[in-house]
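Numbering-wise, this note's numbering puts 108 at position 58 of the sequence shown, and it's gapless, one number per residue.
Where is the CB? At the ideal position from N, CA and C, for every residue including glycine.
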Amino acid sequence: MKTRALVFLATFLVLAGCGRQERVREIDWAKAALARNPAYEIVATDETAGVFTVKDTTSGAVSAIRVDDLVAAPAPPR
């Protein structure tokens with residue numbers, strides 16, 4: 051009986067420790083992804099609305115990108 055209780059307690063503590071990992075906000079992930087993209091320059095960020103204003107570095111065009119529109123995927127082959 052004590053073995054079963056110890057196994058249960060150990061499992062609970064391991065799972066509780068896994069749940070305490072640092073959480074990265076989606077807006078922070080998106081900002082870091084855009085910052086690594088040489089095609090865009092971040093002009094402004096609206097964290098409440100989840101919108102970035104970016105400038106295309108080649109054409110100079112300014113546009114808004116929503117966090118929901120960003121996808122974590124490799125670039126298509128050229």
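Here Ser113 has Val104 as same chain residues with Cβ atoms under 7 Å from its own Cβ, once five neighbours each way along the sequence are excluded. Fully enclosed alpha helix (DSSP H) runs of no fewer than 4 residues occupy 52-68, 76-86 of the region 52-116, in order along the chain.
Straight through space, the alpha carbons of Gly110 and Ala80 are spaced by roughly 21 Å.
For the 8 Å CB-CB criterion, Ala83 and Leu59 do not form a contact. Proximity to Arg75 across Thr107, Ile115, Thr98 peaks at Thr98, based on C-alpha coordinates.
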